[in-house]
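S.K.:
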Amino acid sequence: MKKISFIVFLLFFSIGKAATIQVGPNFPVKKIKQALALAKDGDTILVHLGIYKEGTILINKKVYFIGKNFPVLDGQHKKEVLSINANDVVVKGFKVINSGHAALNDPCGIRVYDKNNVTIQGNILDNNFFGIYLQNSTNCIVKNNIIKAYGKAEQLIGNGIHCWKSSNLQIIGNKITGHRDGIYFEFVTQSVIWRNISNNNVRYGLHFMFSNDDAYITNVFKNNGAGVAVMFTKNVKMFNNYFEENWGDSAYGLLLKEISDSYIFNNRFARNTSGIYMEGTSRIKVEKNSFESNGWGMKIQASCME
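Per our numbering, the sequence shown runs over residues 1202 to 1507.
#1: Does DSSP put K1486 in a helix, a strand or coil?
#2: With a Cβ-Cβ cutoff of 8 Å, do Y1417 and I1398 count as a contact?
#3: Use the C-beta contact count for K1316: other C-beta atoms within 10 angstroms, 16 or more gives buried, fewer gives exposed.
#4: Identify every run of the alpha helix (DSSP H) within the segment 1233-1307, keeping only runs that are complete inside it and at least 4 residues long; order them along the chain.
#5: Could you pull the DSSP bridge partners for S1451 from this structure?
#6: Between which residues of its own chain and D1327 is the CB-CB distance below 6 Å, once the five residues before and five after are set aside?
#7: Looking at N1495: is its Cβ nearer than 8 Å to the Cβ of F1466?
#8: Which of helix, strand or coil does DSSP assign to L1456?
#9: I'd like to confirm the pairing. Which residues does DSSP put opposite E1446 in its beta bridges?
#10: Assuming I1260 and A1287 are in contact, meaning their beta carbons sit under 8 Å apart, how far apart are those beta carbons, in whole angstroms?
#11: Counting along the chain, where does the beta strand (DSSP E) carrying A1471 start and finish?
#12: DSSP three-state label for Q1391, please.
#13: Quick check on the DSSP output: the beta strand (DSSP E) that includes I1348 runs from which residue to which?
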């Protein structure tokens, strides 16, 4: 018992009821999974520089998971790298690399499973099938991450930031490149996409499906395979975005399909096959946008109303 007490004293620096567990080659705790086993809700796990090859790391406690000098979490091309299955988790300052690549189970760099109030901030995600995946989650923040992959075909790569059946999300200040879709929303409501850069993705820089009452503001979508698509959606605000260099037979600056009651204001469309392409839309307000050197500025199909 004395030995255990002494080890605990060395590992934990208490602040009230919370503690900090330090992980690294020069610390008593050398494995992240060991630190997670020791941690309690509210603790901080501080991971020092190193390469950690521990398979899938599961966070199932309310902890602050913080990297110092970008320690590497390496999935070794086998599995999901970091799985979050607790509310109120913060993940910050890691380099997350080399998830498995399999279309059947969608392995990710970081995935949040049905949880609330999770923050993923200031990480680098490199060469993962999906980058960050939020599944049935609310009040989560994905901010200031660099997310890059090297996809060449849609079937061989997942999305950079993938959000499904979620609400009240904040997707802010991320840089996404080389994925299938840079940012993907499906059944996502009351959420905002702000100040992201999504370029050189295989298909869409941003892809909306069945997602209502959202806004995307001051983003850059450049040189994506098919531009940006907003489909089967209502009440979307699209302000101050840049849609640039989206060329191809089926490429658009902005594709609107079966959407209604939405507002497109003060965006810039430059050097796209079509700046805006509308099909099956109704009650769309398009105001004070600029169009420069597009094949067509706007194409509006007969199926559009009001």
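We put the beta carbon where it would ideally sit given N, CA and C, even for glycine. All of these numbers come straight from a predicted model, not from anything done at the bench.
M.R.: If we stick to the structure as given:
#1: strand
#2: no
#3: buried
#4: 1233-1239
#5: Note: S1451 sits in no beta bridge, so no partner.
#6: I1298, K1349
#7: no
#8: strand
#9: In DSSP, E1446 forms no bridge with anything.
#10: 6 Å
#11: 1469-1471
#12: coil
#13: 1347-1349
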